[in-house]
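Residue numbers (the working numbering): 5 to 726.
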């Protein structure tokens, strides 16, 4: 029995049977319906608390029903009811059972939280004094535990705003440019955002933030986690916080640390989404369905573990007290279980239907497709996701790996999934860094033109199967996980000491360089080379076939001082430094020009693959040596020369429409361009005179500056197909 049982008064309410669905606590017809699923619990109690969550007022046994659903209806209750659960059953960790009624459990379907979580020994379901934790801890944690508050249906958004209707089509990925950002880090230091709004959803919807986003021309905001998460206990002990948010506990709750008024978090988030959508942006959420904040077998019992441990988590077969840890965070959600799959779908549907978002990026997505036999593109979660009438219409983007055996699954996701393409990242970086490229301080072999061209044309070796399209490749050269673009060209080694893990964390083999000086420098030649390569990397990402993604802050050379794992740097190291605005490092105009060019030229975002032997009605790409002749087999693998060009012809055209010339070398390089006449649309070095960008080339030859690329258009009097 719980040590807190004596303080509970006699029940004031009668809990009558309620509906089995939906799960969670919902206001209906003058009462609150409560339903929670557990395949193995013997009894579950609804625990009602005072409004501030400090006093447990009564415990009411829920009625057991069909298919493992415990349910009840609390007549006369309504919005504001504060509650939690206690689950009774076997405590036998070696068999997967971890029921402990001394631990108050948060409803997995909670919409609003009560209480401020602190790591305390009372949250652990196991007794630390017993070897291997095989005895339950009998201390009651109710006074310290997070509780749920019942909420009413969200009210209409003011000012005529409304989140996008579920049935309204989203912008196709073919026409999208993604921009990954951290809500807090993007707004904490952005000029023009009021102090009170910095770090919040309201800050991201502020006109100053919207003006910056519009200055770039990006279409789709990929937000890092926004669902309520916990700071891991080791971070708290080191005086740090989880800045990125990949440690979710309450999947239906907007993170209170991102809200100006946490008690109004649902409406704040909906207003942000509605404002961004009104301004023309799609909103995609990074969702962490691979693990929860409860950790490994030494972790706390906060919600899922105490309700039905073996249904929620993947357990080790020969000792079910241990957890499969393909997430690298202690546990892995068991998405082959019907209830866990249902939960994941309910979470996603809620954020689309109620909160208004346009899609999801799935963190460690390979974990979501693991069955008893390894990764399966036809895993239950993927099948259910593609069949759901709401979720089948939104953007689905996978991080196509996890931390487990055979966890790298790039190119194997089903249907409309797009995937983060790290092969693009590494090849494009290696190509432009050239002989200077390193990995953890060691020289890296140059990337040949063959590998660069393969990634530039959407990685057909990975994605051209099963009716998948080029836009399935999410092309990026930097993301939250790793170096910023400025640090890719500014640091050859990790500088993660501030994380408190002795500089052992973070990607140890990231392709990068410092061009001779580690970190900040005032050497003009080094700064100019870094600037040119950074701009060439941005341009390559935005010109390549597939779907481009930029990392927020790269347009102004934001640096993390070489920290390539800033997950716990909720401070100026992790926040975007906007000091590059208005300086030589400000590449906003280049990004905007590239995005506009991509939108205006169909050949830059062609929806089908370039074929080895195209017909007259197929788009074509022709690869040329700098002397204007076609690339030969030996040229593709010549590591001593990276310069080349491609001419692109849209379907139905008799002549090329555009040409891109690449020069990663250290000297200006002349290119002969057949099939002209041509004029230069865009160049990345910033050294061309303005008039050179508007006049026709006097000859087929053009000089491409070192460490840069040129985009040219063929002059023609005939209209081109679009």
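Where a beta carbon is used, it is the ideal one built from N, C-alpha and C, also for glycine.
For clarity, every value in this text was computed on a predicted model and none was experimentally measured.
Going by DSSP, name the residue or residues bridged to residue i.
{"i": "residue 39", "result": "28, 75"}
{"i": "residue 375", "result": "378"}
{"i": "residue 644", "result": "Note: residue 644 sits in no beta bridge, so no partner."}
{"i": "residue 130", "result": "140"}
{"i": "residue 57", "result": "For residue 57, which the question treats as bridged, DSSP gives no partner whatsoever."}
Excluding the 5 residues flanking residue i on each side, which residues of the same chain have their C-beta closer than 6 Å to its C-beta?
{"i": "residue 186", "result": "228"}
{"i": "residue 408", "result": "330"}
{"i": "residue 628", "result": "649"}
{"i": "residue 332", "result": "407"}
{"i": "residue 678", "result": "632"}
Going by other Cβ atoms of all chains shown within 10 Å of its Cβ, with 16 needed for buried, is residue i buried or exposed?
{"i": "residue 601", "result": "buried"}
{"i": "residue 97", "result": "buried"}
{"i": "residue 243", "result": "exposed"}
{"i": "residue 615", "result": "exposed"}
{"i": "residue 176", "result": "exposed"}
{"i": "residue 270", "result": "buried"}
{"i": "residue 586", "result": "exposed"}
{"i": "residue 267", "result": "exposed"}
{"i": "residue 216", "result": "buried"}
{"i": "residue 136", "result": "exposed"}
{"i": "residue 125", "result": "exposed"}
{"i": "residue 320", "result": "exposed"}
{"i": "residue 569", "result": "buried"}
{"i": "residue 423", "result": "buried"}
{"i": "residue 414", "result": "buried"}
{"i": "residue 16", "result": "exposed"}
{"i": "residue 412", "result": "exposed"}
{"i": "residue 644", "result": "exposed"}
{"i": "residue 697", "result": "exposed"}
Compare the Cα-Cα distances from residue i to each of the options and report the closest residue.
{"i": "residue 30", "options": "84, 597, 102", "result": "84"}
{"i": "residue 670", "options": "622, 162, 709, 719", "result": "709"}
{"i": "residue 581", "options": "130, 573, 598, 557", "result": "557"}
{"i": "residue 113", "options": "197, 625, 231", "result": "231"}
{"i": "residue 235", "options": "122, 150, 70, 58", "result": "122"}
{"i": "residue 272", "options": "517, 205, 713", "result": "205"}
{"i": "residue 56", "options": "456, 76, 280, 116", "result": "116"}
{"i": "residue 613", "options": "549, 513, 567", "result": "549"}
{"i": "residue 144", "options": "132, 88, 106, 307", "result": "106"}
Alpha carbon to alpha carbon, what distance is there between residue j and residue i?
{"i": "residue 722", "j": "residue 605", "result": "Any reading at residue 722 needs caution, since the residue's pLDDT is 49, under 50, leaving its predicted position unreliable; the model's value is listed next. If you take the alpha carbons of residue 722 and residue 605, they lie about 15 Å apart."}
{"i": "residue 395", "j": "residue 530", "result": "48 Å"}
{"i": "residue 608", "j": "residue 475", "result": "11 Å"}
{"i": "residue 536", "j": "residue 323", "result": "55 Å"}
{"i": "residue 525", "j": "residue 368", "result": "37 Å"}
{"i": "residue 716", "j": "residue 571", "result": "41 Å"}
{"i": "residue 341", "j": "residue 109", "result": "20 Å"}
{"i": "residue 399", "j": "residue 366", "result": "11 Å"}
{"i": "residue 101", "j": "residue 335", "result": "15 Å"}
{"i": "residue 700", "j": "residue 684", "result": "8 Å"}
{"i": "residue 488", "j": "residue 598", "result": "20 Å"}
{"i": "residue 225", "j": "residue 356", "result": "15 Å"}
{"i": "residue 718", "j": "residue 625", "result": "14 Å"}
{"i": "residue 551", "j": "residue 689", "result": "24 Å"}
{"i": "residue 378", "j": "residue 492", "result": "34 Å"}
{"i": "residue 203", "j": "residue 634", "result": "52 Å"}
{"i": "residue 147", "j": "residue 58", "result": "6 Å"}
{"i": "residue 521", "j": "residue 448", "result": "17 Å"}
{"i": "residue 431", "j": "residue 455", "result": "7 Å"}
{"i": "residue 111", "j": "residue 393", "result": "26 Å"}
{"i": "residue 544", "j": "residue 460", "result": "8 Å"}
Which same chain residues end up closer than 7 Å to residue i when comparing Cβ atoms and leaving out the 5 residues on each side of it in sequence?
{"i": "residue 275", "result": "161, 165, 209"}
{"i": "residue 278", "result": "161, 165, 166, 167, 360"}
{"i": "residue 5", "result": "With a pLDDT of 37 at residue 5, under the threshold of 50, the modelled position of that residue is not reliable, and no figure is offered here."}
{"i": "residue 354", "result": "256"}
{"i": "residue 95", "result": "101, 102, 103, 104, 140"}
{"i": "residue 465", "result": "458"}
{"i": "residue 75", "result": "21, 22, 23, 24, 38, 39, 66, 67, 69"}
{"i": "residue 443", "result": "513, 514, 515"}
Skipping 5 residues on each side, what residues in its chain have a beta carbon closer than 8 Å to that of residue i?
{"i": "residue 219", "result": "592, 596"}
{"i": "residue 470", "result": "418"}
{"i": "residue 34", "result": "79, 80, 82"}
{"i": "residue 127", "result": "107, 145, 148, 149, 304, 305, 306"}
{"i": "residue 194", "result": "202, 207, 212, 213, 216, 580, 582"}
What I want to know is whether the C-beta of residue i ends up closer than 6 Å to one or more non-hydrogen atoms of the ligand MG.
{"i": "residue 51", "result": "Looking at this structure, you won't find the ligand MG or any other ligand, since it has none at all."}
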